[in-house]
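> I'd like to ask you about the structure that follows.
Number of protein chains: 2
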Amino acid sequence: MNNLFFNRVTILGVGLIGASFALALKKRGICKEIVGYGRREENLKRAMNIKIIDTFELEAAAACRGSDLILFSMPVGSFIETAKTVRGSLKEGAIVTDVGSVKGKLVRDMEDLMTEGVNFVGGHPIAGSDRSGIDTASSDLFSGAKCILTPTEKTDGTALKVITELWDTLGATTIILDPDEHDKIYAAVSHLPHIIAYAIMNTVADVNASYLKFAGQGFKDTTRIASSSPELWRDICLMNKENLIELIELLKKNLDNLSAHLQRSDFDALEREFERARTFKKNVG
Amino acid sequence: MNNLFFNRVTILGVGLIGASFALALKKRGICKEIVGYGRREENLKRAMNIKIIDTFELEAAAACRGSDLILFSMPVGSFIETAKTVRGSLKEGAIVTDVGSVKGKLVRDMEDLMTEGVNFVGGHPIAGSDRSGIDTASSDLFSGAKCILTPTEKTDGTALKVITELWDTLGATTIILDPDEHDKIYAAVSHLPHIIAYAIMNTVADVNASYLKFAGQGFKDTTRIASSSPELWRDICLMNKENLIELIELLKKNLDNLSAHLQRSDFDALEREFERARTFKKNVG
């Protein structure tokens, strides 16, 4: 397909990811008009003024009417309610996709809410940031990033092709994963680290918040993602809570294990565990 | 004191920190000769060839003989044994200092091992890295860094002044802390984050090591310090184990708390905890 082009694109949630997606489409000239929808009119006005979007609507249904491509880029906790609101206004042939950090049941629920002739393709570009908002948006945010797509047996083949080509065009590498497998993986490599970053900050603050001024670069890096949006991550963590709760238990076992080595002053066992972690780390970069 | 100058300086442990210290002294022209000591002759030869040190010894006592300044920059677990080996060879008037990440009892033990006329001043520059070895050494590693000094009631005032001026000269900001207070603080802002970084890596590997290839920047930053030297951090964690074990328990309580909010799908409580963490994070940078 060499003629990837959308007449009208709707961005539901004009934050860092939604705005970067809009800028990326514009930069590559693959859409005519972008309409934004969001909760804060002031943000939408600014996004329009700085030409991230062409126009905006304060009602999600109005924003989706007549659009060929609809992107859900709001916090995942609002997807279903919004989908219910807009489903009656979707044009036949429209493709609905998303950038949510959880997939699994959410993807199946979104599919079930699509009307005749409207297709949903679940997506998750690995390009988040602890920063948020349109001011940090970039047309190249997805260049070189991975983008996970999570088709199911219900996914329309043509819609999947379009969305795959779309992310390719934006410079991302698409990877196909089962929606539930996606959630198991990202519970481990993303949602757990966020929980931990928040937990470390609160642990140190519980002891003595004034200790924080002695922190070096290691602490800063380890807790960078504790700056992430609480609302966004509340939704993500809750929508993947079964996987996450299991991983928290597993992490606690690993901590208990290290604590036991410390208690017994077992130099060899402790070094072995650290070495094991370092070996895996080398494979991640 | 405007005439800070050392005729002979000994670096016990020529790794990232020891080599950077040597380069920093040379760059500022405040020493005549630097002798290195370490376990690996090959490393010492290379350090000499690339002019980090001027000469080296394979016996710690020989390396310390006649030196005005002796820096302990080996893993902290080797300090006491090495101090016992070299104490008979220390010149009267010599100052012994260190860059160890634990202080507390180690500082008091080191003080007790000093001979008549030799003074120990405990130090800890906050300038480590997950990298190690002389190839990443830099004469400016300490520029803009904090350096904690931990004098006790036994510390010689003149020696403390010399070491303070030394770190000032290297561009570091010195901060005085009680040795035990130092260990409480750094257990929280440094040793705990290392334990966690190692524990996250091992947790994900326990689940499925192949998940690691899906990791994004958040995971990479959160686990950066899992690349740190296992031997170095084994020593540090074990020498501060009482504080660390206590903090691991406190972290587990924070994780249990978050897990309970997830279990109950308590959106507000979860967001409140994340928001609390983010607020503290803002103060750290």
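Protein chains in written order, with the working numbering: chain A, 1 to 285; chain B, 1001 to 1285.
Glycine included, every Cβ here is placed at the ideal spot set by N, Cα and C.
Could you check if ASP1135(B) is buried or exposed, using at least 16 other CB atoms within 10 Å of its CB as the buried criterion?
Classification for ASP1135(B): exposed.
> Mind pulling the chain B residues with CB within less than 7 Å of LEU262(A)?
What LEU262(A) touches in chain B: CYS1237, LEU1238, LYS1241, LEU1244, ILE1245.
> Looking at the strands, I want to know which residues DSSP matches up with LYS121(A).
Per the sequence shown, residue 121(A) should be read as Val rather than Lys. Answer is THR97(A), bridged to VAL121(A).
> For a contact meaning CB atoms closer than 9 Å, what does TRP1233(B) contact in chain A?
Ordered by position in chain A, the residues that pass the 9 Å Cβ test against TRP1233(B) are LEU270, GLU271, PHE274.
> Is SER67(A) near ARG8(A), with beta carbons less than 8 Å apart?
Yes; because the gap between Cβ atoms is below 8 Å, this pair is in contact.
> Using the DSSP secondary-structure output, state which residues sit across from PHE1267(B) in a beta bridge.
Bridge partners of PHE1267(B): none, in fact.
> Please return the same chain residues whose Cβ sits closer than 8 Å to the Cβ of ILE1175(B), not counting the five positions on each side in sequence.
Correct list, in chain order: LYS1146, CYS1147, ILE1148, LEU1149.
> Hey, THR222(A) and ILE1196(B) are a contact pair by Cβ (cut 8 Å); roughly how many whole angstroms apart?
That pair is a contact at about 7 Å.
> State buried or exposed for ILE1050(B), treating a residue as buried only when at least 16 other CB atoms are found within 10 Å of its CB.
Flag for ILE1050(B) reads exposed.
> Buried or exposed: which applies to LEU1016(B), given that a residue is buried once 16 or more other Cβ atoms fall within 10 Å of its Cβ?
Its Cβ being crowded by 16 or more others within 10 Å, LEU1016(B) is buried.
> Determine which residues share a DSSP beta bridge with ARG1087(B) and list them.
Beta-bridge pairing links ARG1087(B) to no other residue.
> Candidates TRP1167(B), PRO1151(B), SER1132(B), LEU1262(B): which alpha carbon is nearest PRO1230(B)'s?
Among TRP1167(B), PRO1151(B), SER1132(B), LEU1262(B), the Cα nearest to that of PRO1230(B) is on SER1132(B).
> Taking only the alpha-carbon atoms, compute the straight-line gap between LEU1247(B) and MET201(A) and give it to the nearest angstrom.
Rounded to the nearest angstrom, the two C-alpha atoms are 12 Å apart.
> Here's a check: name, in chain order, each residue in its chain whose Cβ is nearer than 6 Å to the Cβ of LYS1282(B), leaving out the five neighbours to either side.
Correct list: empty, nothing qualifies.
> LYS1045(B) lies in the alpha helix (DSSP H); which residues open and close that run?
First-last of the alpha helix (DSSP H) with LYS1045(B): 1041–1049.
> Measuring alpha carbon to alpha carbon, tell me which residue in LYS1161(B), SER1190(B), LEU1090(B) is nearest LEU1113(B).
LEU1113(B) has its Cα closest to that of LEU1090(B), out of LYS1161(B), SER1190(B), LEU1090(B).
> Pick from ILE34(A), ARG272(A), ASP183(A): whose alpha carbon is nearest that of GLU242(A)?
Minimum Cα distance to GLU242(A) is reached at ASP183(A).
> Which residue marks the beginning of the alpha helix (DSSP H) containing THR1164(B), and which one marks its end?
1157–1169 is the span of the alpha helix (DSSP H), which, as asked, contains THR1164(B).
> Under the assumption that VAL1189(B) contacts TYR211(A) (Cβ atoms under 8 Å), give the Cβ distance between them as a whole number of angstroms.
That pair is a contact at about 6 Å.
> Report the neighbours of ASN283(A) on chain B: residues whose CB is nearer than 9 Å to its CB, in chain order.
ALA1209, LEU1212, LYS1213, listed in chain order.
> Can you give the beta carbon distance from LYS252(A) to LYS1252(B), rounded, assuming they're within the 8 Å contact cut?
With a Cβ gap of about 5 Å, LYS252(A) and LYS1252(B) count as contacting.
> Pull up the distance between the alpha-carbon of LEU1250(B) and that of HIS261(A), whole angstroms please.
The alpha-carbon atoms of LEU1250(B) and HIS261(A) are separated by roughly 18 Å.
> Just the C-alpha distance for ASP1168(B) and GLY77(A), rounded to the nearest angstrom, thanks.
ASP1168(B) and GLY77(A): Cα-Cα distance of roughly 52 Å.
> Would you say THR1224(B) lies against chain A (beta-carbon separation less than 8 Å)?
Contrary to the premise, residue 1224(B) reads as Arg rather than Thr in this sequence. Taking Cβ atoms only, chain A reaches closer than 8 Å to ARG1224(B), which makes this a yes.
> With DSSP as the reference, label MET1(A) as helix, strand or coil.
Only weak support exists for where MET1(A) lies, its pLDDT of 45 falling under 50; the coordinates are left without a value.
> State yes or no: is the beta carbon of LYS252(A) nearer than 8 Å to at least one beta carbon in chain B?
So, interface residue.
> Would you mind telling me which residues of chain A sit closer than 8 Å to ASP1206(B), beta carbon to beta carbon, in chain order?
Correct list: LEU250, ASN254.
> If you drop the 5 nearest sequence neighbours on each side, which residues of the same chain put their C-beta closer than 6 Å to that of ASP1156(B)?
So the qualifying residues of the chain are ASN1119.
> Can you check whether the C-beta of ILE185(A) is within less than 8 Å of a C-beta belonging to chain B?
Chain B contact via Cβ: present.
> Can you pull the chain B residues whose beta carbon is under 8 Å from the beta carbon of HIS124(A), in chain order?
Per Cβ cutoff of 8 Å: no residues; HIS124(A) is ~10 Å from chain B at best.
> Measure the C-alpha to C-alpha separation of LEU244(A) and PRO179(A) and round it to an integer number of angstroms.
Using only the alpha carbons, I get a separation of about 15 Å.
> Using 8 Å for Cβ pairs, my map puts ILE70(A) next to GLY123(A). What's the rounded Cβ distance?
At roughly 12 Å, the Cβ-Cβ gap does not stay under 8 Å, so ILE70(A) and GLY123(A) are not in contact.
> Give the residues from the stretch 1185–1204 of chain B that approach chain A closer than 8 Å (Cβ to any Cβ), ordered along the chain.
Correct list: ILE1185, TYR1186, ALA1188, VAL1189, SER1190, LEU1192, PRO1193, HIS1194, ILE1195, ILE1196, ALA1197, TYR1198, ALA1199, ILE1200, MET1201, ASN1202, THR1203, VAL1204.
> Measuring CB to CB, does ILE52(A) end up less than 8 Å from ALA22(A)?
Going by C-beta atoms, ILE52(A) is nearer than 8 Å to ALA22(A).
> Got a sec? Which residues, its chain only, sit under 6 Å from LEU192(A) by beta carbon, not counting five neighbours each side?
Around LEU192(A): LEU247.
> Which residues in chain E sit within 8 Å of SER1073(B), going by Cβ to Cβ distance?
Of the protein chains in the structure, A and B, none is chain E.
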